[in-house]
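Worksheet: one structure, shown below.
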Amino acid sequence: FKLIKNDKPFYTYNGKVQFEGDPLDSTFLLNYFKKLKLIEQYFNVKFKNIDSNQINENIVEQVMAYIEKRVLKVKFEGLNFMNENKEERDYILETCKEKGVFLISENIKSTYCLHGLDFETGYLNQIIEDAYIVNTEDLINNITNKVEIKSRTESMQIEFSDEQDMLIKQ
10 FKLIKNDKPF
20 YTYNGKVQFE
30 GDPLDSTFLL
40 NYFKKLKLIE
50 QYFNVKFKNI
60 DSNQINENIV
70 EQVMAYIEKR
80 VLKVKFEGLN
90 FMNENKEERD
100 YILETCKEKG
110 VFLISENIKS
120 TYCLHGLDFE
130 TGYLNQIIED
140 AYIVNTEDLI
150 NNITNKVEIK
160 SRTESMQIEF
170 SDEQDMLIKQ
C-alpha cells in the first residue's frame, strides 16, 4: 500500500516497515492499515483521504470483532440507570448476586463511522461477567431507583450479532 499526502506518495510499503522515527508508531500504522484493508474487502468499500488525526483504533477493533465474529474485551467504568419497576430491580439484584453476570443487548443495529464511511455491525451485546451492584442496600430498602453497576475487573466483553436475539459465543 501507499500513503499519500497532498496527492503525492510519501511512503510505500514493500514488505517491511521503513518509517523514520519511532518504530512503534510505524508498526501501529502498519497494523492499522492492514485492518483497514480487511474492512475494505469485507464491506466492498474504499477508504480515501484518510486524515491521520482521525485514526481511531477502538472503532477499527470493534468493526474487526464484527467481521471476525469474535468477542472483544473492553474497559468498563460502570453503568448507572433508573428503573422504576421494583420487580425488575429485584431481578437485577438477584442475577448480579447469584451469577455476577449482567447482559445488555441493543435493539437496533450499531453503526460506526470510520474515515468518512459508515459500517453497520449488527446488534451490540455487552456482557459484564463479574458485575456487582454498588448501591445494593439502597435498592433493597427502596431509597433509590438508580441502579449502579460496576465490574470487579473494570472490563466487559462486547460482541455483535446479525440476529436481534442475544448470542453468547464462549
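Each residue of the sequence shown is one higher than the one before, starting from 10 at the first, in my numbering.
Even for Gly, the Cβ is constructed at its ideal location relative to N, Cα and C.
Three-state secondary structure (DSSP) at residue i?
i    : result
K106 : helix
F85  : coil
K233 : Since the first and last residues shown for the chain are 10 and 179, residue 233 lies out of range.
D60  : coil
N53  : coil
N65  : coil
K78  : coil
N40  : helix
V72  : helix
T130 : strand
E172 : coil
E113 : Residue identity differs from the one stated: residue 113 is Ile in this sequence, not Glu. Of the three classes helix, strand and coil, the one that applies to I113 here is strand, per DSSP.
E146 : helix
P32  : With a pLDDT of 49 at P32, under the threshold of 50, the modelled position of that residue is not reliable, and the figure given next carries that caveat. Correct three-state label for P32: helix.
E163 : coil
If you count every other CB in all the chains shown that lies within 10 Å of the CB of residue i, and 16 or more means buried, which is it?
i    : result
C105 : buried
N53  : exposed
N94  : exposed
S170 : buried
E168 : buried
M165 : buried
F85  : buried
Y100 : exposed
T162 : exposed
P32  : Confidence is the limiting factor: at P32 the pLDDT is only 49, short of 50, which leaves the residue's position unreliable, though a coordinate-based value still follows. When all chains shown are included, P32 counts as exposed.
I158 : buried
N134 : buried
T130 : buried
Going by C-alpha distance, which of the options is nearest residue i?
i    : options                 : result
N62  : E168, L38 and I137      : L38
M9   : F42, Y41 and N151       : Past the boundaries of the shown model lies residue 9; the chain is included only from 10 to 179, so the question cannot be answered.
V110 : I137, Q173, K17 and I59 : I137
Assuming residue i and residue j make a contact with CB atoms under 8 Å, what is their CB distance in whole Å?
i    : j   : result
Y41  : I64 : 6 Å
Y121 : V72 : 6 Å
Would you call the region 70 to 78 and the region 145 to 153 in contact, with 3 or more CB pairs under 8 Å?
no
Would you say the region 39 to 50 touches the region 106 to 118, given that touching needs at least three Cβ pairs under 8 Å?
no
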